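Quick note, the sequences are listed as chains A and B, same order. Take any residue in the first sequence, note its place counting from 1, add 74, and you have its number in the working numbering. Take any residue in the second sequence, note its place counting from 1, add 22, and you have its number in the working numbering. Glycine included, C-beta positions come from ideal geometry on N, C-alpha and C. Nothing here was measured: the structure is a model prediction, and the numbers come from that model.
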Amino acid sequence: MTVFGVVTALLQVVLVAAVGPILVGVLRQLRARVEGRVGAGILQPWRDLIKLLRREPISAAGTSWVLILAPVVLMGTSLAVAVLVPYVSTRSATANSSDLFAVVALLLVGTVVLTLAGLDTGTAFGGMGASREITIAALVEPAVLLAVFALSLPAGSTNLAVIVARRVSDQAQLASPVSLLVVVALTIVTLAEAGRLPVDNPATHLELTMIHEAMVLEYSGRDLALVEWASSIRLVILLGLTANLFLPWGVATQAGALALLVGVVAFLAKLLLFGAVLGIGEVFIAKFRLFRVPELLAGAVVLGFLAVMAAFFLVQGSG
Amino acid sequence: MSNQFVQALNLAAGLILLTAVLTLWIRRVSTLVRLIALQGVALAVLVGTVAWHGHDQQLGLLAFGILALKAFVLPYLLRRVSTQPGEAETDPLVNVPASLLAAAALAAISYAVTRPLVALVPSAQVRATPVGLTIALIGLFVLLTRRRAVSQVIGFILIDNGIAVVAFLTTSGVPLVVELGSALDVLLAILVLQILTNRIQAVFGDTDLDGLRELRD
Chain A
75 MTVFGVVTAL LQVVLVAAVG PILVGVLRQL RARVEGRVGA GILQPWRDLI KLLRREPISA
135 AGTSWVLILA PVVLMGTSLA VAVLVPYVST RSATANSSDL FAVVALLLVG TVVLTLAGLD
195 TGTAFGGMGA SREITIAALV EPAVLLAVFA LSLPAGSTNL AVIVARRVSD QAQLASPVSL
255 LVVVALTIVT LAEAGRLPVD NPATHLELTM IHEAMVLEYS GRDLALVEWA SSIRLVILLG
315 LTANLFLPWG VATQAGALAL LVGVVAFLAK LLLFGAVLGI GEVFIAKFRL FRVPELLAGA
375 VVLGFLAVMA AFFLVQGSG
Chain B
23 MSNQFVQALN LAAGLILLTA VLTLWIRRVS TLVRLIALQG VALAVLVGTV AWHGHDQQLG
83 LLAFGILALK AFVLPYLLRR VSTQPGEAET DPLVNVPASL LAAAALAAIS YAVTRPLVAL
143 VPSAQVRATP VGLTIALIGL FVLLTRRRAV SQVIGFILID NGIAVVAFLT TSGVPLVVEL
203 GSALDVLLAI LVLQILTNRI QAVFGDTDLD GLRELRD
């Protein structure tokens, strides 16, 4: 374990945690501008978080320790993923553990804990939100696994650091049919998992359409701040992963301060690019009916499956 | 076999596969027509790549012909049909998740079936033939499960594209006359279907083909 590795790992956590609310702010600001509003500025989510962090959390009568534990576990798993995935450098101290299955499992732990908290409050909305969230999660997981599995076939490893390093060195892979199919699948999955527009509307408080918001209705004060912060971190995690898999340029594959600086700048630029596309794209689409969501995710699963087959039949041995 | 050739070929094949899967996914006919046009472009790129690689001028000309026909003429004709009332959305008999899973199964079948073919000449070009067979099978599936006349035409185009992909990849191009003949066949079929949909529309006020099951004097 080198000094560089430790510094990189710490830098990634701090960076992702700091950028999360700012990315949400950028998305809201873009939406506001496209809709002709002034907007609250990109730092507004941070101001909200700081205000909420100072407030005392109030638990509803009859709730158990699950409600209190959930935000902590959600935040912990999100930060753990932020350490593991190679966002800035593929040579961080934790690169050996950045296994695809570990990352997906950690994300799922966060999702499940939050649904448990939604059930724990015993309110109608909490239960409804939890049931919807878990339905979507059950459909999202196979799609994520298949999609990244297709990318792991050419690299010969399910370690994300190895996959990204391989894609940096062998740029011919970026324009392969496998990439083409996976980029569509992963985009859908990111939208679903992060609760963005055709699947869930992050701005809604209308009871019939809420998914994420319905689960966290009973939270207040510090706990609400943690949940909101962790959600924004998850958005960065997923967008950053998609960005690094398809535009791997700039990710540091060597040790060194300059490489690290380039890695950070490139990561922020990619995040801004993907965030801008997402933010502007969201203005033009409407939320899907809940019963159409499985169609969307079934499509992602099938594209992932076809990508695995293409990786197997088209690419192997022909390059 | 140069690397760029393989990459362009695979990318075109991947795009054709992607658009074929998306045709099962999307309900709005105007978007479907756009997808078919995109698939036509990808097919033309595929043929153009094969022509460029084999220094085949006749095939190169054919690529432009395919581009004109499948990316512009057919979508234009389809768009004219699809602007009629009642044609805005397709109405699949099998729901969308099931048909997507069926597409995955069809892809697996075509990979399995073409394995002996690929084993004959395991080049990158032949390796992509399962994509062609998959498209043809998906087209057949669309023909079976969609009710609207426009969706039937789209299934027909998918089958034709699939056959063309297999033909160009395995034989580096069938004789020009044969290809022109089949392309004109499709054009003719669409013109006939356009007239037919107009007639069906005029008689029944709808183009749901399920209404045509009963025979009357």
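Within chain B, partners of I250 of chain A - CB distance below 8 angstroms: The sequence given here places Ser at residue 250 of chain A; Ile does not occur at that position. At a C-beta separation below 8 angstroms, S250 of chain A has these neighbours in chain B: Q29, N32, L33, G36.
Based on Cα-Cα distance, which residue from A:A372, A:S243, A:M383 lies nearest to N117 of chain B? That would be A:A372, whose Cα lies nearest to the Cα of N117 of chain B.
Please report the Cβ distance between T327 of chain A and V242 of chain A, rounded to the nearest whole angstrom; I am assuming they are in contact, meaning their Cβ atoms lie under 8 angstroms. Their Cβ separation, rounded to whole angstroms, is 6 angstroms, which keeps T327 of chain A and V242 of chain A in contact under 8 angstroms.
Pick from A:W120, A:R107, A:A156, A:W139: whose alpha carbon is nearest that of L85 of chain A? The closest CA to that of L85 of chain A, considering only A:W120, A:R107, A:A156, A:W139, is found on A:A156.
Use the C-beta contact count for T193 of chain B: other C-beta atoms within 10 angstroms, 16 or more gives buried, fewer gives exposed. Exposed is the call here.
With DSSP run on the structure shown, which of helix, strand or coil describes N183 of chain B? If DSSP states are grouped into helix, strand and coil, N183 of chain B belongs with the helices.
Taking just the CA atoms, how far does L225 of chain A sit from G269 of chain A? Spanning the two alpha carbons is a distance of roughly 24 angstroms.
Cα-Cα separation, F341 of chain A to L321 of chain A: Computed Cα separation, rounded: 10 angstroms.
Identify each residue in the region 349-373 of chain A for which the Cβ-Cβ distance to at least one residue of chain B is less than 7 angstroms, and report them in chain order. If the cut-off is 7 angstroms between Cβ atoms, the region 349-373 of chain A has P368, E369, A372, G373 near chain B.
Check distances from the C-beta atoms of the region 261-290 of chain A to those of chain B and list, in chain order, the residues that come in under 9 angstroms. Near chain B, meaning a CB-to-CB distance below 9 angstroms, no residue of the region 261-290 of chain A qualifies.
First and last residue of the alpha helix (DSSP H) that includes T38 of chain B? According to the sequence as given, residue 38 of chain B is Ile; it is not Thr. Counting along the chain, the alpha helix (DSSP H) containing I38 of chain B begins and ends at 25-47.
Taking the beta carbon of H77 of chain B as the centre, do at least 16 other beta carbons fall within 10 Å, making it buried, or is it exposed? Exposed: under 16 other Cβ atoms inside 10 Å.
Would you verify that the beta carbon of L255 of chain A is, or is not, closer than 8 angstroms to some beta carbon of chain B? Contact of L255 of chain A with chain B is assigned, a C-beta pair being separated by under 8 angstroms.
Own chain partners of F348 of chain A with C-beta closer than 6 angstroms, once the 5 adjacent residues on each side are dropped: Scanning its chain for C-beta atoms nearer than 6 angstroms, with the 5 sequence neighbours on each side dropped, one finds around F348 of chain A the residues L313, A317, in chain order.
Among residues of its own chain, excluding the 5 on either side of I208 of chain A, which ones have a beta-carbon nearer than 7 angstroms to its beta-carbon? Correct list, in chain order: T189.
What did DSSP end up calling S231 of chain A once you bin it into helix, strand or coil? The answer is coil: DSSP assigns S231 of chain A none of H, G, I, E or B.
In this structure, what does DSSP give as the bridge partners for R270 of chain A? Partner(s): none; R270 of chain A has no beta bridge.
Where does S17 of chain A sit, in a helix, a strand or coil, going by DSSP? No answer is possible for residue 17 of chain A: it lies beyond the span of chain A, which begins at 75 and ends at 393.
Outcome for S392 of chain A when other beta-carbon atoms lying within 10 angstroms are tallied against a minimum of 16: Low local confidence applies: a pLDDT of 41 at S392 of chain A is under 50, so the model's placement there is unreliable, with the coordinate-based value given in what follows. So S392 of chain A counts as buried.
Bridge partner(s) assigned by DSSP for S163 of chain A: Looking at the DSSP assignment, S163 of chain A forms a beta bridge with A:A326.
In angstroms with no decimal places, state the Cα-to-Cα distance between L31 of chain B and Q147 of chain B. About 7 angstroms.
Is there contact between the region 256-273 of chain A and the region 368-384 of chain A, where contact requires at least three CB pairs shorter than 8 angstroms? Yes, the region 256-273 of chain A is in contact with the region 368-384 of chain A.
Does any residue of chain A bring its CB to less than 8 angstroms from the CB of P138 of chain B? Not one chain A Cβ lies under 8 angstroms of P138 of chain B.
Can you check whether the CB of G192 of chain A is closer than 8 angstroms to the CB of A204 of chain A? Result yes, Cβ atoms of A204 of chain A and G192 of chain A sit closer than 8 angstroms.
Opposite D173 of chain A in the DSSP bridges: which residues? D173 of chain A is bridged by DSSP to A:N233.
In or out: T194 of chain A buried (at least 16 other Cβ within 10 Å) or exposed? The question names Thr, but residue 194 of chain A is Asp in the sequence shown. Classification of D194 of chain A: buried, given that the 10 Å Cβ count is 16 or more.
R308 of chain A - DSSP class collapsed to helix/strand/coil: R308 of chain A carries a helical assignment under DSSP once its states are collapsed to helix, strand and coil.
Measuring CB to CB, does P152 of chain B end up less than 8 angstroms from F386 of chain A? One thing to note: P152 of chain B has its Cβ no nearer than 8 angstroms to the Cβ of F386 of chain A.
What is the residue span of the alpha helix (DSSP H) that T278 of chain A lies within? Careful: T278 of chain A lies outside any alpha helix (DSSP H) and carries neither H nor E.
Proximal residues to F379 of chain A (C-beta, below 7 angstroms), its chain only, five neighbours per side dropped: So the list reads L220, once near-sequence residues are dropped.
Is the region 92-109 of chain A close to the region 118-137 of chain A, with three or more CB pairs under 8 angstroms? In short, these stretches touch, since the Cβ pair count reaches three.
Give the straight-line distance between the Cα atoms of S132 of chain B and L81 of chain B, rounded to the nearest whole angstrom. So the alpha carbons of these two residues sit roughly 26 angstroms apart.
What is the residue span of the alpha helix (DSSP H) that V140 of chain A lies within? V140 of chain A -> alpha helix (DSSP H) spans 139-158.
Helix, strand or coil, according to DSSP, for D194 of chain A in the structure here? D194 of chain A: helix per DSSP, three-state reduction.
Spatial distance of A130 of chain B from T261 of chain A (CA atoms): Cα-Cα distance, rounded: 24 angstroms.
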